[in-house]
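Worksheet for the structure shown next.
Structure, rendered in C-alpha cells:
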C-alpha cells in the first residue's frame, strides 16, 4: 500500500516534481554505472589504466615463478609428476586419468623483450593433481630454425615441465632424445612468410598430438597465464559439449577472449533494437496503466498532456542513452559456463579442438595459399564449414603478452581479458 501511495503521489504531482524525481534517479544510476562499469571497455566510464592493472594474473605469475624454481631440479612431467606429488602430499590416485585426455601444443619463439614461456607452462601445471598431470601431455615447438636462438632451449625447467620439445633442426647429442624430437618432414618451407610459418607450426603440433590419442588438442600461445582452476573448468566445459544434442558440430572451445570486441557492435543492431522497443513498451504501458488506475484520463484533455508526452520521450531517451553508456558487458552480464561465440572471439591464446576435427584442420593449414594469419584462417575454416565456436565464461587464460610485442618495433598489444583480474 505504501508503494501504491507513493506512485499515486508522483502520478498526481505537478510535472516539475516528476522531472526532479527522474533526474535524481538518472544521476544515481549514472554514478552506479561509473562505479561498476570502469572495467568494461565498451563503457563510457571505462578506465584503461585502472582496468589494465594485473591483479590476479600478478598473483599467478608469482606462483608460477615459485613453481619454476622447484622445477629446476624436480620433474613435473606426465610420466613423472614428482612435483605434483610434493604439492599434493596426501593425494590418493583415482585411476581415472590413465589415458591422455588433453594434448597441449605450444609454439614458441624468442622475444625481444620479456620471455613468457616459463610462466605459461608453469601456470598450466602448478595446481594439477598427479592424476590430472598424467592426463595432460604438453608439447613445446621451438619455431626458430636455429633453436639455440630461443632462450628456453636446453633449460632444465623446460625438460622438467614439458613432455616433448619439438625442433626444426637435429637434436644435439647432449639433450635427451626422450624429450627433444627432430621434426623434419613438416617444417615450413625455406624463407616462409610469417602466415605460412604460423599455420605450419599449428599443423605440426596437431599432427604430433594426434599420436598421443588424446580426446582434445589444446592450442596455447606462449604468452598466457592460466587460472588455478583452469583444468577442472575446462574439463567441465568439455563434458557439457559432449553431452549436447549435436556434439560434432563445433570446431573449438575458446579459453581466452578479450571484451574489447564485445561492445555495441553496429551489425548487431537487430539484437539491441527489440530490447529497446520492449523497454519502451513496458514503460509506456506502466504510465498508461497508472493514468487509468488513478483517474488521470478525463474526457477533457489535460493541459499537461502534450508536454507530458514530450517529457516522457525525453526521459526515455535519457535512460536509454545511459543504458548504452554503461557498456554491453555491464548491462547484459554473461552467465558462467560456455556460450556460443562465432564472432569477436580474438585470438588464438587458447583454443581446444576435438580430435575428430584435427585431420581436416591440419590438411587445411598445410595447403597453400597461406594468405591469412593462423587464428584468422581457423575462423575462415569454421565459417566455410558452418562449424560453431564456443567460449568458456569467464575466461581461464590471461594474455600477459599485453606487456610487449613479439616483433621488434611492433605496436603494444591490447588483448586483455579485464574480467580475469577480478
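Residue numbers (the working numbering): 581 to 1002.
We put the CB at the ideal spot given by N, CA and C, even for glycine.
Give the secondary structure of residue 762 by DSSP, where H, G and I count as helix, E and B as strand, and everything else as coil.
-> Stepping through the chain shown from its first residue, residue 762 is reached at position 182. In this structure, residue 762 counts as strand in the three-state DSSP scheme.
Please list the segments of the alpha helix (DSSP H) lying wholly inside the segment 593-668, counting only runs of 4 or more residues, in order along the chain.
-> 595-616, 628-631, 636-651 and 662-667
Cβ-Cβ distance between residue 713 and residue 658 below 8 Å = Your numbering for residue 713 matches position 133 in the chain shown. Your numbering for residue 658 matches position 78 in the chain shown. In contact: residue 713 and residue 658 (Cβ atoms closer than 8 Å).
Cα-Cα, which of 949, 909, 656 and 699 is closest to residue 711?
-> Translated into the one-based positions of the chain shown, residue 711 becomes position 131. Taking only the C-alpha atoms, the option nearest residue 711 is 656.
For residue 615, which of 973, 907 and 947 has the nearest alpha-carbon?
-> Here residue 615 is taken as the residue at index 35 of the chain shown, counted from 1. Ranking the options by Cα distance to residue 615, first place goes to 907.
In terms of DSSP beta bridges, what is residue 934 paired with?
-> By 1-based counting over the chain shown, the position of residue 934 is 354. Per the DSSP secondary-structure output, residue 934 pairs in a beta bridge with 796.
Under 8 Å, do residue 821 and residue 833 count as touching if we go by C-beta distance?
-> Looking up residue 821 in the chain shown gives position 241. Looking up residue 833 in the chain shown gives position 253. Yes. Within cutoff.
Cβ of residue 712 within 8 Å of any chain B Cβ | In the structure shown, chain B cannot be found, because there is only a single protein chain.
Cβ pair count under 8 Å reaching 3, the segment 943-954 against the segment 835-854 = no
Ordered list of alpha helix (DSSP H) runs contained in the segment 800-857, each at least 4 residues = 810-822
Is it buried or exposed for residue 764, if we count other Cβ within 10 angstroms and need 16 for buried?
-> Against the chain shown, residue 764 aligns to sequence position 184. Label assigned to residue 764: exposed.
Taking Cβ positions, are residue 622 and residue 843 nearer each other than 8 Å?
-> Along the chain shown, read from residue 1 onward, the residue named residue 622 stands at position 42. Along the chain shown, read from residue 1 onward, the residue named residue 843 stands at position 263. Against a cut-off of 8 Å, the Cβ pair of residue 843 and residue 622 comes out as a contact.
Below 6 Å CB to CB, which residues in the same chain sit around residue 826 once its five sequence neighbours on both sides are set aside?
-> Sequence index remark: in the chain shown, residue 826 carries index 246 (1-based). Within the same chain, residue 826 has no close Cβ partners at all.
Grouping DSSP H, G and I as helix and E and B as strand, with all else coil, what is residue 978?
-> On the chain shown, position 398 is the one that residue 978 refers to. Three-state DSSP puts residue 978 in a strand.
Bridge partners - residue 688, DSSP secondary structure assignment = Position 108 of the chain shown, counted from the start, is the residue given in the question as residue 688. Looking at the DSSP assignment, residue 688 forms a beta bridge with 722.
For residue 776, name the three-state secondary structure that DSSP assigns.
-> As a working note, residue 776 is residue 196 in the chain shown. It is helical.
By Cβ distance below 7 Å, which residues in the same chain neighbour residue 996 in space, the five residues on each side in sequence not counted?
-> The residue given as residue 996 occupies position 416 in the chain shown. Within the same chain, residue 996 has close Cβ partners 632, 838, 979 and 982.
Minimum length 4: unbroken alpha helix (DSSP H) runs contained in the segment 899-952 = 908-911 and 938-946
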